[in-house]
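Taking it in order: structure first as structure tokens, then the write-up.
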Amino acid sequence: MSLMEDVLQLQETYYISNAKVTFVEPKYRMVPHMYQWIISRTTVIRRVTDDSLPRELGAPEFK
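Structure below.
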């Protein structure tokens with residue numbers, strides 16, 4: 361997650377779409393969690409602000 365440290369902050373709320381959740385074999389686990397997120401360049405991450413309401417995000421724009 362070091363690549364995302366400027367994007368994702370503790371105690372904040374985000375809309376995250378197109379992240380993949382996969383099972384992690386016990387021999388490969390570095391933490392006691394059974395699943396991991398895979399965030400790729402197609403993953404859309406948007407911070408939720410206090411005054412925002414849930415709404416459709418629309419399609420991502422790639423450049």
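Start counting at 1 in the sequence shown, then tack on 360, and there's your number in our numbering.
Backbone N, C-alpha and C fix where the C-beta goes; we use that ideal spot for every residue, glycine too.
Of the residues the options, the one placed nearest residue i, counting alpha carbons only
| i | options | result |
| --- | --- | --- |
| Ala379 | Arg401, Val408, Arg407, Phe422 | Arg401 |
| Ile399 | Thr382, Pro386, Tyr388 | Thr382 |
Beta-carbon proximity check, residue i vs residue j, cutoff 9 Å
| i | j | result |
| --- | --- | --- |
| Tyr374 | Leu368 | yes |
| Val408 | Ser377 | no |
CA-to-CA distance, residue j to residue i, given in whole angstroms
| i | j | result |
| --- | --- | --- |
| Gln396 | Glu372 | 19 Å |
| His393 | Leu370 | 18 Å |
| Arg389 | Phe422 | 32 Å |
Residue i at chain B interface by Cβ criterion, 9 Å
| i | result |
| --- | --- |
| Glu385 | No chain B appears in this structure, which consists of one protein chain only. |
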